[in-house]
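Contents: one structure, followed by commentary.
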Amino acid sequence: MDQLAPTEKYSPFRFFSAEQWSRFRADTPLTLSEDEFRRLRSLNDPVDLAEVSRIYLSLSRLLSAHVEASQLLFRQRQAFFNAVDIVKTPFIIGIAGSVAVGKSTTARVLKELLARWPSSPKVDLITTDGFLLPNEVLRRENLMERKGFPDSYDVGALLRFLSGIKSALPDVRAPVYSHLTYDVIPGEFVTIDRPDILIFEGINVLQPGKLPQDGKIVPFLSDFFDFAIYIDADEKLIHEWYISRFMRLRETAFRNPDSFFHRYSQLSEDSARAIAEGLWTNINLKNLRENILPTRARADLILRKGADHLVEEVALRKL
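full-length UniProt numbering puts the first residue of the sequence shown at 1, with every later residue one more than the last.
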């Protein structure tokens, strides 16, 4: 993460090795069993409980401190306004990073760890996949080859959803996405009802929009976040993980006749690998370089992964 630290004196981040970071766990207990963790882990993700203990328990402790501070500030604002009818809004955690970098595993593990705090907060998890424009619209707008890029999302729906959550509205709905059909499921929604904490995960959640010239307020998704995490790794590693995951899916989920990618399961290994390389180079690598990686420095915390998806370095924004 040299780009983030031209010198330690001027960097907005503090940097820790994985070993240093692990010491901040203190007495935070590991509340996940091996079986529970196995169900949370994504396909082809080798992260184990030792990594949860080493990295994610310290992160859970840090997030607990941020949530407590947010609650204290809320009470102070109540006193400032001399009002008791102000509704406490959910604490929103954004998680960003490339495809195949391990965002989903991180999000699911954090959801379970946070929900098991002594205070037993209500924790929900939403991904941005459901806010992709339907394939029918993407085809009509010639955007199928840009699926996952910022312009392939229903940004208005994303902002309405996060605004509803931050306004503590009841029963805020989010559309549901099917990885089997590679499309939004028409008429299907998941309902989020005033959680204490919402984890919002997606590749472009830290992406800023264009600033208007007239000074009008135009919110970005990250404006609704209380804490933002970026999952980072070298391009070469992410490339390897993406190809490995694609080839694994070719042997599993793609074999389902209803899968959008079923045709790839019928190809030879060499042909399938060539397809995966093309998808990586023409879509995912381009999106990473143009849209995802440039948002890294906007995060509050960066988890830098090395081989085998193990975190090697942690960068925490200074207060």
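Where is the CB? At the ideal position from N, CA and C, for every residue including glycine. Small disclaimer: the values here were computed from a predicted structure and weren't measured.
Beta-carbon spacing of residue i, residue j below 8 Å
i, j, result
"G164", "A96", "no"
"V314", "F16", "yes"
"L316", "L301", "yes"
"L40", "R108", "yes"
"I93", "F225", "yes"
"residue 322", "T128", "Outside the displayed range of the chain (1 to 319) lies residue 322, so it cannot be described from this structure."
"A274", "R250", "no"
"K318", "F13", "yes"
"F227", "H66", "yes"
"S49", "E68", "For clarity, residue 49 is Leu in the given sequence; the question names Ser instead. It is not a contact, given that the beta carbons lie outside the stated cut-off."
"P150", "Q76", "no"
Own chain residues within Cβ distance below 7 Å of residue i, not counting five before or after
i, result
"L114", "S60, L63, P121, V123, I197"
"F131", "Y153, D154, A157, L158, P175"
"L138", "M144, K147, S152"
"K103", "I95, G97, E201, I231"
"G209", "V218, F220"
"W117", "S64"
"D270", "none"
Spatial neighbours of residue i in its chain, beta-carbon cut-off 6 Å, leaving aside the 5 residues before and after
i, result
"A233", "V101, K305"
"R25", "L57, S58"
"I86", "Q78"
"Y230", "A96, G97, R296, A299, I302"
"I185", "V176, S178"
"E188", "V176"
"L125", "A107, K111, I199"
"I292", "S98, I203"
"R255", "S265"
"S246", "It is Phe, not Ser, that sits at residue 246 in the sequence shown. Within the same chain, F246 has close Cβ partners A276."
"L288", "S98"
"S119", "none"
"F74", "K88"
"L30", "S53"
"N82", "none"
Assumed close pair residue i, residue j - CB separation to whole angstroms, cut-off 8 Å
i, j, result
"Y242", "V99", "6 Å"
"S167", "T89", "7 Å"
"W280", "H309", "About 17 Å; that fails the 8 Å criterion."
"L32", "V52", "6 Å"
Spatial neighbours of residue i in its chain, beta-carbon cut-off 8 Å, leaving aside the 5 residues before and after
i, result
"residue 330", "Given that the chain is displayed from residue 1 to residue 319, the structure contains no residue 330 and the question cannot be resolved."
"F260", "L180, T181, Y182, D183"
"A18", "R54, I55, L310, V311, E312, E313, V314"
"P134", "D183, V184, P186"
"V84", "Q78"
"F37", "D48, L49, V52, V109"
"P170", "D193, R194"
"A307", "L237"
"S70", "F91, D226"
Any non-hydrogen atom of the ligand NAD closer than 7 Å to residue i Cβ
i, result
"D171", "No copy of the ligand NAD appears in this structure; indeed no ligand is present at all."
- Just checking, does the region 186-200 make contact with the region 256-274 on the three C-beta pairs under 8 Å criterion? no
- Query: If we count Cβ pairs, one from each stretch, closer than 8 Å, do we get three or more for the region 213-228 versus the region 139-146?
  - Reply: no
- Item | Segments of 4+ residues assigned as alpha helix (DSSP H) that fall wholly inside the region 189-259 | 235-251
- Task: Jot down the residue ranges of each uninterrupted beta strand (DSSP E) in the region 63-113, minimum 3 residues, whole runs only, in chain order.
- Result: 91-97
- Query: Where are the alpha helix (DSSP H) runs, 4 residues long or more, that stay fully inside the region 19-52, in chain order?
  - Reply: 34-40
- Item | Length-filtered (3 minimum) beta strand (DSSP E) runs lying within the region 253-315 | 301-305
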